[in-house]
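Enquirer: Please see the structure below; I have some questions.
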Amino acid sequence: MNSTRTIVSRAARMAAAKPKASRSFVTSIAASPARCNKAPIITACNLVQTRGMKTLDFGGSKETVWERSDFPKEKLAKIFANDTFAVLGYGTQGYAQSLNLRDNGLKVIVGVRKGGHSWEQAKKDGWVEGKTLFTIEEAADKGTVLMYLLSDAGQKHGWATVKPYVTKGKTLYFSHGFSVVFHEQTGVVPPKDVDVILAAPKGSGATVRSLFLEGRGINSSVAIFQDASGQARERAFAMGVAIGSGYLYETTFEKEVHSDLVGERGILMGAIQGAFAAQYDVLRAKGHSPSEAFNETVEEATQSLYPLVSKHGMDWMYANCSTTARRGALDWAPKFYDATKPVFEALYAAVEDGSETRRSLEENSRPDYRERLEEELRVIRESEMWRAGKTVRSLRPENVK
Ligand SMILES: NC(=O)c1ccc[n+]([C@@H]2O[C@H](COP(=O)([O-])OP(=O)(O)OC[C@H]3O[C@@H](n4cnc5c(N)ncnc54)[C@H](OP(=O)(O)O)[C@@H]3O)[C@@H](O)[C@H]2O)c1
């Protein structure tokens, strides 16, 4: 498609012409936090604001969204005055959430396997053995809020170790509904006398940390599975903010795990690799060079069109490409919809009936899972498409030395 230049130049003009009107509701709220303190007001963009939460119109459905400014540091300190957060696991989420909690002035300890990769990493990040860094058992014993952030397969294996410390009055916290929803596979069944809550950042731990450090926050889902204290809801939203979220969307454990597993297997990762490879292979089979096939499949998408879709929406992108590109895209979109919808339906069914979690637990519990994973990633990395991509990326202005 030859539309990139048209799109970019029009994008620049549009951005210069009406920067505010084209912003999403959420972005404009973030840019004007002072407006959020007036309760309730109705704006031209169908926004109902009350202190503590906002009801927004999402494509015709009203949903309630909480935001970071609803829980300033002083309020967090009050809500969690008697709590010790025990972050069990120090992968990307454990790392980001523990540091953000600590920077928010809360009492945090980390619990990981002694001598493992995470143990060494936690020490590098300033957690001190015997003071703030403990074994999983020790941390689970000392903590009042147990943040179960081992890998999802690790949560299954670690549950026998952690369960004795999940005692009356404590809070059990997750960042994924996986273990609890698929308890028949994981064995994770929390006792009835604890709060069970979830805050699931919609992004990698690296982004959870970097957005927090920038003074912003990531979007997160929040859910309450069990409210033994009667305060689980407020504590769940407060925790969502304390770990570094900007906006919080309420859901259930079940909906969180279903949508998350579908998304990552689908459009976020599985579907794009599948669709990229299919188009690339067709172009190559028809005699196009690797660079042409890659540029037309991946580079133009990620470098030009997707950022514009992100910024302005799909209709805007269609409206600002060439008439030729637009006509073809409008005609072919329904065909791709029809071709892929049954795949998404099959995917949802496999998530819902537990096949996907079963496979994930089996594969990720194998002693040689890292080696097997590396072999699968090597095949992708060494495929012609992604080797061509490496060369194309090296030619981006920022990468040319
Ligand atoms: N990654 C994301 O972007 C993301 C986003 C949202 C939510 N989540 C959720 O957040 C949770 C944590 O995910 P993550 O990506 O941060 O972690 P992860 O990389 O999946 O897990 C790493 C941690 O689990 C520990 N671990 C693994 N198996 C263990 C076992 N058998 N016994 C003891 N420790 C074990 C590791 O310790 P060692 O170093 O000692 O092996 C390490 O500390 C998961 O529920 C995940 O679904 C993740």
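Using full-length UniProt numbering, read the sequence shown as starting at 1 and increasing by one per residue. Glycine included, each C-beta is placed from N, C-alpha and C at the ideal position. As the structure is a computational prediction, the values presented were derived from the model and not from experiment.
Can you give me the Cβ contacts of Ala238 inside the same chain, cut-off strictly under 8 angstroms, excluding the 5 residues immediately before and after it?
Expert: Sequence-distant partners of Ala238 (beyond 5 residues in either direction) whose C-beta falls short of 8 angstroms from its own C-beta, in its chain, are Phe71, Lys75, Leu76, Ile79, Phe80.
Enquirer: Keeping to the same chain, check which residues put their C-beta closer than 6 angstroms to that of Arg171; ignore five residues upstream and five downstream.
Expert: Just to set this straight, residue 171 is Thr in the shown sequence, not Arg. So the qualifying residues of the chain are Val145, Asp195.
Enquirer: Return helix, strand or coil for Lys341, following the three-state DSSP convention.
Expert: Three-state result, Lys341: helix.
Enquirer: So the alpha helix (DSSP H) Glu137 belongs to, where does it begin and stop?
Expert: 136-142
Enquirer: Please look up how many angstroms separate the CB atoms of Ile224 and Ala236, rounded, as I've assumed it's under 8 angstroms.
Expert: 5 angstroms
Enquirer: Let's see if you can read the secondary structure: which residues bound the beta strand (DSSP E) around Asp57?
Expert: 53-58
Enquirer: With Gly197 as the anchor, note down where its beta strand (DSSP E) starts and where it stops.
Expert: Note that residue 197 corresponds to Ile in the displayed sequence, not to Gly. Residues 195-201.
Enquirer: Looking at ligand 1, does it come within less than 8 angstroms of Ile136, judged from the CB to the closest heavy atom?
Expert: Answer for Ile136: yes, Cβ within range of ligand 1.
Enquirer: Using 8 angstroms for Cβ pairs, my map puts Arg209 next to Ala122. What's the rounded Cβ distance?
Expert: Rounded, the Cβ-Cβ distance is 14 angstroms, inconsistent with contact.
Enquirer: Rounded to whole angstroms, what is the Cα-Cα separation between Met317 and Val309?
Expert: 6 angstroms
Enquirer: Please return the same chain residues whose Cβ sits closer than 8 angstroms to the Cβ of Ser151, not counting the five positions on each side in sequence.
Expert: Taken in chain order, the residues that qualify are Gly89, Gly91, Asn364.
Enquirer: By the three-class DSSP mapping on this structure, what secondary structure does residue 403 have?
Expert: Residue 403 is absent from the structure shown; the chain starts at 1 and stops at 401.
Enquirer: Are the beta-carbon atoms belonging to Glu63 and Tyr249 less than 9 angstroms from one another?
Expert: Taking 9 angstroms as the cut-off, the beta carbon of Glu63 is found closer than this to the beta carbon of Tyr249.
Enquirer: Is Ser210 near ligand 1, with its Cβ less than 8 angstroms from a heavy atom?
Expert: no
Enquirer: So does the region 264-278 actually touch the region 109-126, counting three or more Cβ pairs closer than 8 angstroms?
Expert: no
Enquirer: Please classify Glu256 as buried or exposed, where buried requires at least 16 neighbouring CB atoms within 10 angstroms.
Expert: buried
Enquirer: Around the Cβ of His117, are there at least 16 other Cβ atoms within 10 angstroms (buried) or fewer (exposed)?
Expert: exposed
Enquirer: State the Cα-Cα distance for the pair Ala388 and Ser304, rounded to the nearest angstrom.
Expert: 18 angstroms
Enquirer: What is the C-beta distance between Val392 and Phe276, in whole angstroms, given that I count them as a contact (C-beta under 8 angstroms)?
Expert: Val392 to Phe276, Cβ: 13 angstroms. No contact.
Enquirer: Can you tell me which of the three DSSP states Ile109 falls into?
Expert: strand
Enquirer: If you draw a straight line from the alpha carbon of Val181 to that of Asp141, how long is it in whole angstroms?
Expert: In a straight line, the C-alpha of Val181 is about 25 angstroms away from that of Asp141.
Enquirer: Please name the residue, chosen from Ile136, Ser98, Ser204, Ala153, that lies closest to Pro164 on a Cα-to-Cα basis.
Expert: Ile136
Enquirer: Do Glu67 and Gly244 count as a contact pair if the criterion is CB distance below 9 angstroms?
Expert: no
Enquirer: Considering only the beta carbon of each residue, do Ala206 and Ser220 sit closer than 9 angstroms?
Expert: Taking a C-beta distance under 9 angstroms as the contact criterion, Ala206 and Ser220 do not qualify as a contact pair.
Enquirer: Following a CB-centred definition, is Val108 positioned closer than 8 angstroms to any heavy atom of ligand 1?
Expert: no
Enquirer: Starting from Thr171, follow its DSSP beta bridges and name the residues at the other end.
Expert: Val145, Asp195
Enquirer: Which ranges would you report for the alpha helix (DSSP H) in the region 319-372 if only whole runs of at least 4 residues count?
Expert: 323-352, 355-364
Enquirer: Leaving out the 5 sequence neighbours to the left and right, which residues in its chain are closer than 8 angstroms to Ser383 when beta-carbon positions are compared?
Expert: Ala277
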